[in-house]
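Take 1254 as the starting number for the sequence shown in this note's numbering and just add one per residue.
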Amino acid sequence: MLQYKFSMRRVLMTGVLAVLLGSFVYGLAKPVNSTAKDIAYVSIQPGMTADNIGNQLYEQGLIKNVLAFRVIAKFNGLDNTLKAGDYSFTTDMSVTQIVDRLARGATAQQLITIPEGYTVNQIAALIQEKQIGDAEKFKAAARNYRPHSYMAGSDAASYQVEGYLFPDTYQFDKGVTEEKLLTMMVGEFDQRFTPEMRNRADELGLSIPQVVILASLVEKEAKLDSDRPVIAGVFLNRLQYHMPLQSCATIQYILGYAKPELTIQDTEIDSPYNTYQHHGLPPGPIANPGMAAINAVLYPAATEYLYFVADKQGQHHFSTNYEEHLAAIERVQQ
1254 MLQYKFSMRR
1264 VLMTGVLAVL
1274 LGSFVYGLAK
1284 PVNSTAKDIA
1294 YVSIQPGMTA
1304 DNIGNQLYEQ
1314 GLIKNVLAFR
1324 VIAKFNGLDN
1334 TLKAGDYSFT
1344 TDMSVTQIVD
1354 RLARGATAQQ
1364 LITIPEGYTV
1374 NQIAALIQEK
1384 QIGDAEKFKA
1394 AARNYRPHSY
1404 MAGSDAASYQ
1414 VEGYLFPDTY
1424 QFDKGVTEEK
1434 LLTMMVGEFD
1444 QRFTPEMRNR
1454 ADELGLSIPQ
1464 VVILASLVEK
1474 EAKLDSDRPV
1484 IAGVFLNRLQ
1494 YHMPLQSCAT
1504 IQYILGYAKP
1514 ELTIQDTEID
1524 SPYNTYQHHG
1534 LPPGPIANPG
1544 MAAINAVLYP
1554 AATEYLYFVA
1564 DKQGQHHFST
1574 NYEEHLAAIE
1584 RVQQ
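Here it is in C-alpha cells:
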C-alpha cells in the first residue's frame, strides 16, 4: 500500500512538473513583440544544430529563450529537419511559426511596407534604401507602366502608374525585379478597388482616374481622418463651380518635397500640376492614396464649403466664402 501511495505521488509530481514546464515553455514561445512587425534576416548555414540556430535567433532578438526553441523543435520532431538558407522573420512570429518556417525551408522572403501617400519617387527611394531594388530602374519602369485600360491618363502625367501603387505591406522573394514590384502593387489596387466601388464612382459621374486623382489630393491635404470626407466635398464643390482647386499639395508635388509654407512665386510655377494656375484636375495623381482617402472621395461629406485651411495641429477649418476663409487664415496664424 505504501509503495502504491509513493508511486501515485511520483506520478502526480511528474504531472505537476510537466504542466509547469509546459507553461514555462509556452510563455517563452510567444512572440517577442506581438504588436510590432520588425524584420530580421537570418542566414542558417549547413550543419548548424538546433542549439546553434536557437542561439542565433536569440542574438537577433527573434526569440525569448533558446531552451524553448529547442523544446518546441524536439516536441514536434523537427529538431533534425531545420533547413539551411536565408530567411526573413518578424518579431510578431511565435517560436512555433519560426520552427515551422525553418522546417519547411521557406527561405528568402522579404517584406516592405509602402506608407499611404507615398509618391513613385518616395517608393523608389525606399526600395533602394531597403536594398530591394534600384531606384532609377523602378522609376524608369513606372513611367509608362499602365497594365489596365482604366488607368489611361494624360501624357503629361509624371508617371502613368502614380496613384495605383496601393499602400500596403508586400512579401516577396529576394531578387524580385522592379517590374514585379510594380505588378504586385498595381494588382493589389485592382483587387481592393472593388466592383461596388467602381459602381459608386459611376454614380458620382467620376472615372477611376478621377477618383484616384482626387483621393491623392485628399491623402496629401488631410491630417485627420475626420477631415477627409469634408476635404473631398470641398474639392468636388469647387469642380462643380468651375473654381480652381488651389491645392497646396499639388505645388509640393511639383517642388518634390513638402514645403511648409508656399510663396506667391511657388503658386505661379509653370506646370500642368499647378492647380492655382489651371482649372480642373491635375494630369495625374500626386501620390498613392490609401483606402480611407479613396472612400472619402466615393462618399464625400454633403457640404457647402468651398475653402479650408489647416492650423498648426493639422486640423482644418472650413469656410463657405472667401471672407470667412480669410478670417480663418487669420485665426490659425495667431
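Positions of the beta carbon are idealized from the N, C-alpha and C atoms, including for glycine.
Using only CA atoms, which one of I1461, S1407 and I1504 lies nearest to S1524? For S1524, the nearest C-alpha among the options comes from I1504.
If you reduce the DSSP assignment to three classes, tell me which class L1303 lands in. Rather than Leu, the amino acid found at residue 1303 in this sequence is Ala. Here DSSP, grouped into helix, strand and coil, assigns A1303 to helix.
Report the three-state DSSP secondary structure of Y1398 (helix, strand or coil). Three-state DSSP puts Y1398 in coil, outside helix and strand.
List the endpoints of the continuous alpha helix (DSSP H) containing A1326. It spans V1319 to F1328 - the alpha helix (DSSP H) in which A1326 sits, taken as one unbroken run.
Would you check if the distance between the CB atom of F1488 and the CB atom of S1479 is smaller than 9 Å? No, Cβ-Cβ distance for F1488 and S1479 is not below 9 Å.
Which residue wins for smallest C-alpha separation from L1335, given the options A1454, S1296 and P1462? Of A1454, S1296 and P1462, the residue nearest in Cα terms is S1296.
Taking the alpha carbon of S1423 as the point to measure from, which residue in L1579, V1439, N1574 and D1353 has its own alpha carbon closest? Sequence check: residue 1423 is Tyr here, not Ser. Measuring from the Cα of Y1423, the nearest candidate turns out to be V1439.
Between Y1552 and chain B, is any beta-carbon pair separated by less than 9 Å? Protein chain content of the structure displayed is limited to a single chain, and chain B is not contained in it.
Residues in the same chain with beta-carbon distance under 8 Å from L1435, minus the five sequence neighbours each way, listed in chain order, please. Excluding its 5 nearest sequence neighbours in each direction, L1435 has C-beta neighbours in its own chain below 8 Å: F1391, A1394, A1395, Y1398, V1414 and L1418, listed in chain order.
Coarse secondary structure for L1559, derived from DSSP in three states: DSSP places L1559 in coil when its eight states are reduced to three.
Suppose the cutoff is 6 Å on Cβ atoms and the five residues either side in sequence are ignored; what does the same chain contact list for A1468 look like? Within the same chain, A1468 has close Cβ partners P1542, A1546, I1547 and V1550.
Buried versus exposed call for F1328 [16 or more other C-beta atoms within 10 Å across all chains shown]: Classification for F1328: exposed.
Residue range of the beta strand (DSSP E) that includes D1605: Any answer about residue 1605 is impossible in this case: the structure gives the chain only from 1254 up to 1587.
Is K1512 buried or exposed, if buried means 16 or more other CB atoms sit within 10 Å of its CB? Looking at its Cβ environment, which holds fewer than 16 other Cβ atoms inside 10 Å, K1512 is exposed.
Contacting residues, own chain, Cβ-Cβ under 6 Å from H1401 (five flanking each side not counted): Nothing listed; no residue qualifies.
Using DSSP's beta-bridge definition, name the partner residues of Y1340. Looking at the DSSP assignment, Y1340 forms a beta bridge with V1295.
So, for I1522: in the same chain, excluding its five sequence neighbours on each side, which residues have a beta-carbon less than 6 Å away from its beta-carbon? If the five residues before and after I1522 are omitted, its C-beta is found closer than 6 Å to the C-beta atoms of I1507, all from its own chain and listed in chain order.
Apart from the five residues just before and just after T1366, which ones in its own chain have a Cβ nearer than 6 Å to its Cβ? Correct list, in chain order: T1422.
In the DSSP assignment, what residue or residues form a beta bridge with S1572? Note: S1572 is bridge-paired with Y1560 in the DSSP secondary-structure output.
Close beta carbons around L1331, own chain, < 7 Å, minus the five adjacent residues each side: Excluding its 5 nearest sequence neighbours in each direction, L1331 has C-beta neighbours in its own chain below 7 Å: V1352 and A1356, listed in chain order.
For L1302, tell me which candidate among G1486, A1326 and E1557 has the shortest Cα-Cα distance. Looking at the sequence shown, residue 1302 is not Leu but Thr. By alpha-carbon distance to T1302, the top candidate from G1486, A1326 and E1557 is A1326.
Going straight from the alpha carbon of N1286 to that of T1520, what length do you get? Using only the alpha carbons, I get a separation of about 47 Å.
Exposed or buried, K1473, counting other C-beta atoms within 10 Å across all chains shown (16 or more means buried)? Under this definition K1473 is a buried residue.
DSSP three-state assignment for L1364, whether helix, strand or coil: L1364: strand per DSSP, three-state reduction.
Enclosing alpha helix (DSSP H) for I1461 [first to last residue]: I1461 to E1474 is the span of the alpha helix (DSSP H), which, as asked, contains I1461.
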